[in-house]
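Sequence order for the protein chains is V and C.
For the first sequence, our numbering begins at 6 and goes up steadily by one.
For the second sequence, our numbering begins at 154 and goes up steadily by one.
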Amino acid sequence: MVDSHHILLNPTENKDTRSGFGQGLLEAGQADSNVVGLCADLTGSLKMNAFQNAFSERFFQVGIAEANMMGVAAGMTIGGKIPFTGTFANFSTGRVYDQIRQSIAYSEKNVKICASHAGLTLGEDGATHQILEDIGMMKMLPNMTVIVPADYEQTRQATLAIAKHHGPVYLRFGRPKVPVFIQPEAPFELGKIQRIITGSDVTIAACGHLVWEAVQAAVELHKEGISAEVLNVHTVKPLDETTLVESAKRTGAVVVAEEHQRLGGLGSSIAQCLASHHPTKMDFVAVEDQFGESGTPNQLMAKYGLDAKTIVKKTRALLGR
Amino acid sequence: MNYGELQATASQVRRDIVRMVHAVQSGHPGGSLGCTDLLVQLYFDTMNVNPSSFDMDGRGEDLFFLSNGHISPVWYSVLARRGYFPVTELATFRKLNSRLQGHPATEEGLPGIRVASGSLGQGLSVALGAAQVKKLAGEETWVYSLHGDGELQEGQIWEAAMYAAHHKIDNILSFVDCNGQQIDGPTDDVMSLGDLAGKWAAFGWHVLSCDGHDFEDLQRTIQAGHARRGTGQPTVVLMKTEMGKGVDFMEGTHKWHGIAPSDEQLDLALGQLDSTLEDY
Numbered sequence: 006m007v008d009s010h011h012i013l014l015n016p017t018e019n020k021d022t023r024s025g026f027g028q029g030l031l032e033a034g035q036a037d038s039n040v041v042g043l044c045a046d047l048t049g050s051l052k053m054n055a056f057q058n059a060f061s062e063r064f065f066q067v068g069i070a071e072a073n074m075m076g077v078a079a080g081m082t083i084g085g086k087i088p089f090t091g092t093f094a095n096f097s098t099g100r101v102y103d104q105i106r107q108s109i110a111y112s113e114k115n116v117k118i119c120a121s122h123a124g125l126t127l128g129e130d131g132a133t134h135q136i137l138e139d140i141g142m143m144k145m146l147p148n149m150t151v152i153v154p155a156d157y158e159q160t161r162q163a164t165l166a167i168a169k170h171h172g173p174v175y176l177r178f179g180r181p182k183v184p185v186f187i188q189p190e191a192p193f194e195l196g197k198i199q200r201i202i203t204g205s206d207v208t209i210a211a212c213g214h215l216v217w218e219a220v221q222a223a224v225e226l227h228k229e230g231i232s233a234e235v236l237n238v239h240t241v242k243p244l245d246e247t248t249l250v251e252s253a254k255r256t257g258a259v260v261v262a263e264e265h266q267r268l269g270g271l272g273s274s275i276a277q278c279l280a281s282h283h284p285t286k287m288d289f290v291a292v293e294d295q296f297g298e299s300g301t302p303n304q305l306m307a308k309y310g311l312d313a314k315t316i317v318k319k320t321r322a323l324l325g326r
Numbered sequence: 154m155n156y157g158e159l160q161a162t163a164s165q166v167r168r169d170i171v172r173m174v175h176a177v178q179s180g181h182p183g184g185s186l187g188c189t190d191l192l193v194q195l196y197f198d199t200m201n202v203n204p205s206s207f208d209m210d211g212r213g214e215d216l217f218f219l220s221n222g223h224i225s226p227v228w229y230s231v232l233a234r235r236g237y238f239p240v241t242e243l244a245t246f247r248k249l250n251s252r253l254q255g256h257p258a259t260e261e262g263l264p265g266i267r268v269a270s271g272s273l274g275q276g277l278s279v280a281l282g283a284a285q286v287k288k289l290a291g292e293e294t295w296v297y298s299l300h301g302d303g304e305l306q307e308g309q310i311w312e313a314a315m316y317a318a319h320h321k322i323d324n325i326l327s328f329v330d331c332n333g334q335q336i337d338g339p340t341d342d343v344m345s346l347g348d349l350a351g352k353w354a355a356f357g358w359h360v361l362s363c364d365g366h367d368f369e370d371l372q373r374t375i376q377a378g379h380a381r382r383g384t385g386q387p388t389v390v391l392m393k394t395e396m397g398k399g400v401d402f403m404e405g406t407h408k409w410h411g412i413a414p415s416d417e418q419l420d421l422a423l424g425q426l427d428s429t430l431e432d433y
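Right, dumping it as structure tokens:
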């Protein structure tokens, strides 16, 4: 068996990460009366209904006007509120980049930009809504923290954690139901990589939905005699360089997997880190400079090579096996 | 402050503006001179503020948001003259390592600034968020915002306008600097704004208008705005101004939107503006 920590290798339950956000927001609202919610006509999709019902005076419907939502959220921090904005990842980033840049990031406002339906797993709506550039856009902004949790429980924990963290945060999660494999007692610390499988031949670093794929890949590689370490890089920025470099030094090979463009995502952050501190042979499982298309989440992840099978294939090739 | 004191303060602020822009040969004097009287009225007469102990949250204070951030010279001068920071710091405007950035910013910690502005159209949304927090806190304070008329070409302004009416935000008084000018020429030529009063009214706002260079009219209009608290309706003031007001060769033209005066032009301008509080 692989040497795993705080995860289930045979999870029995599937849940969507957006529901983890909804539950986390409700709990954050119960814990701190300064937490307020704003939503741009996607309350049900973002699972913000529980918060809205519990704290109607602290929930603000903004309508289909995301630029205004970002500005209002920035303004609400003046006076001490902790605004959580909710809409799809596409409308949380690209559509409102300048508003986030000037009114939130540059102005150092304590706004939590919570983004659902990120990436290809949004599915049938197609490429107009399947943003694959958001991690890159958000990590480039000074002052911005970027979190991409892996499952329901971790998204709940991340939501609670960012409420307590002072400063702008981008929290990215998704639409489909995916395995709940990270155990609740797993320590979640912003900015700290979780080593969920220890190995010695290769490091597979992943975020979001690709973490479970990385776990499955490690199990498969283990059968072939390849000992793969799996790092859950839930905090893309600031990057936990210490854990990353230590792992790369031990294994000597790194594969990065993410539901994002290869240009500008987690892979490029890790490549830059290793180029500076410990040049290591690498490969990348990501979208190759393309837009997505309509299809079911599983069909799309298979077609675009964002799955355990592709991680296994690229790892073998990287190791010359 | 009486009218004479307000006028004297405004004269000094106008001197500061042309001297700041001249010193660094960069900045936006036209709109700054046009909005001088409003900012002097707000900071020296209307607003309840704590300049000596600036606090980002501004609880219990009135707040002001400058959405058209390029007219930073007038804001910086008024903040300094009101006691937010030393007037000598005005000499650092737009220079390296200054807290007085080209456009207002919070990163350097300049007292009085609560959000960055410059990229247009964003300030109304921010002001509305701050106003809602004050309503939640049960404060009787006011939030003021200022916008250029050209800035109203940005779509976000109208998203925010709709939001304010829907959420019944009646503790905001927003001013539009109606000087009819923008960088490329008169607003009517560049992108006509049409019936502005009708547009704001259609978005659910109570609309007032005033002469932005008449302190009596400004005060009367602000009082009329204050009387609207409790109506559940936001209020906008369409404020008629003249770009470059106070310096005859800068008045009424878009040409001084973002141009600095030469040495000779500085002397000419200062000859038209009394030094009432000593130059920095």
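We treat Cβ as the ideally placed atom computed from N, Cα and C, and that holds for glycine.
The structure presented is a predicted model; accordingly, all values stated were derived computationally and were not measured.
Quiz item: Ordered along the chain, which non-local residues of its own chain (more than five positions away) have a Cβ less than 8 Å from that of V/Ala110?
Solution: Leu146, Pro147, Asn148, Met149, Pro173
Practice problem: Find out if the Cβ-Cβ distance for the pair V/Leu31, V/Ala59 is shorter than 8 Å. | Solution: yes
Practice problem: Give the C-beta separation of V/Ala262 and V/Val292 to the nearest angstrom, bearing in mind that I take them to be a contact with Cβ-Cβ under 8 Å. | Solution: Not confirmed; about 11 Å, so no contact.
Self-check item: Which of helix, strand or coil DSSP assigns to V/Leu165
Solution: helix
Quiz item: With 8 Å set as the bound, which would you pick, yes or no: does the beta-carbon of V/Gln107 sit closer than that to a beta-carbon of chain C?
Solution: yes
Self-check item: Enclosing beta strand (DSSP E) for V/Thr240 [first to last residue]
Solution: 240–242
Exercise. Starting from C/Asp190, trace the beta strand (DSSP E) both ways and give me its first and last residue.
Key: It is not in any beta strand (DSSP E) - C/Asp190 instead sits in the alpha helix (DSSP H) that spans 189–194.
Quiz item: Measuring CB to CB, does C/Ile375 end up less than 8 Å from C/Leu326?
Solution: yes
Quiz item: Can we say the stretch 66–86 of chain V touches the stretch 283–293 of chain C, given the rule of at least three CB pairs closer than 8 Å?
Solution: yes
Self-check item: chain V contact residues for C/Gln285, given Cβ-Cβ distances below 8 Å
Solution: Phe65, Val77, Gly80, Met81
Quiz item: Would you call the stretch 296–304 of chain V and the stretch 157–176 of chain V touching, i.e. three or more CB-CB distances under 8 Å?
Solution: no
Practice problem: For chain V, find out if any of its Cβ atoms is closer than 8 Å to the Cβ of C/Val436; answer yes or no. | Solution: The structure shown does not extend to residue 436 of chain C, since chain C spans only 154 to 433, so no value can be given for it.
Quiz item: If you count every other CB in all the chains shown that lies within 10 Å of the CB of V/Thr17, and 16 or more means buried, which is it?
Solution: exposed
Quiz prompt | Range covered by the beta strand (DSSP E) that runs through V/Ser252 | solution = Careful: V/Ser252 lies outside any beta strand (DSSP E), inside the alpha helix (DSSP H) at 246–256.
Quiz prompt | Rounded distance between the beta-carbons of C/Tyr237 and C/Phe197, thought under 8 Å | solution = Incorrect: roughly 12 Å between the Cβ atoms, too far for contact.
Quiz prompt | Which listed residue (V/Ile69, V/Ser97, V/Ala233, V/Pro189) has its alpha carbon closest to that of V/Met142 | solution = V/Ser97
Practice problem: List the residues of chain C that V/Ser4 touches, going by C-beta distances under 7 Å, in chain order. | Solution: Outside the shown range of chain V (6 to 326) lies residue 4 of chain V, about which nothing can therefore be said.
Quiz item: With a Cβ-Cβ cutoff of 8 Å, do V/Asp37 and V/Ile87 count as a contact?
Solution: yes
Practice problem: Would you mind stating whether V/Ala222 and V/Ala233 have Cβ atoms separated by less than 8 Å? | Solution: yes
Self-check item: Cβ-based burial, V/Pro189 [other Cβ within 10 Å; buried from 16]
Solution: exposed
Exercise. Identify the contact partners of C/Glu312 in chain V, using a Cβ-Cβ distance below 7 Å as the criterion.
Key: Ala70, Ala72, Asn73
Practice problem: Compare the C-beta of C/Tyr196 against all C-beta atoms of chain V and say whether one is closer than 8 Å. | Solution: no
Exercise. Please check the pair C/Ser278 and C/Ala313, which I expect to be a contact at CB under 8 Å, by giving their CB distance rounded to whole angstroms.
Key: 4 Å
Quiz item: Is the Cβ of C/Val174 closer than 8 Å to any Cβ of chain D?
Solution: In the structure shown, chain D does not exist; the protein chains are V and C.
Quiz prompt | Residue burial classification, V/Ile316 (beta-carbon count within 10 angstroms, cutoff 16) | solution = buried
Exercise. Evaluate contact between the stretch 182–193 of chain C and the stretch 239–247 of chain C, counting only Cβ atoms and requiring at least three cross-stretch pairs below 8 Å.
Key: no
Exercise. Could you check the C-alpha separation between V/Phe93 and C/Phe368 for me, to the nearest Å?
Key: 48 Å
Quiz item: For a contact meaning CB atoms closer than 7 Å, what does V/Asp103 contact in chain C?
Solution: Ser272
Quiz prompt | CB of V/Thr22 within 8 Å of CB of V/Phe186, strictly | solution = no
Practice problem: Answer with buried or exposed for C/His223, where buried requires no fewer than 16 other C-beta atoms within 10 angstroms of its C-beta. | Solution: buried
Quiz item: Taking 8 Å as the CB-CB limit, is C/Asp323 close to chain V?
Solution: no
Exercise. Could you tell me which uninterrupted alpha helix (DSSP H) segments, each at least 4 residues in length, are contained entirely in the stretch 8–36 of chain V, listed from first to last along the chain?
Key: 22–36
Practice problem: Measuring only between beta-carbons, confirm whether C/Ser230 sits less than 8 Å from chain V. | Solution: no
Quiz item: Based on the DSSP output, what are the partners of V/Lys286 in its beta bridges?
Solution: V/Ala258
Quiz item: Who pairs with V/Glu234 in a beta bridge, going by DSSP?
Solution: V/Thr208
Self-check item: Touching by the beta-carbon criterion (3+ pairs, under 8 Å), the stretch 420–433 of chain C and the stretch 161–176 of chain C
Solution: yes
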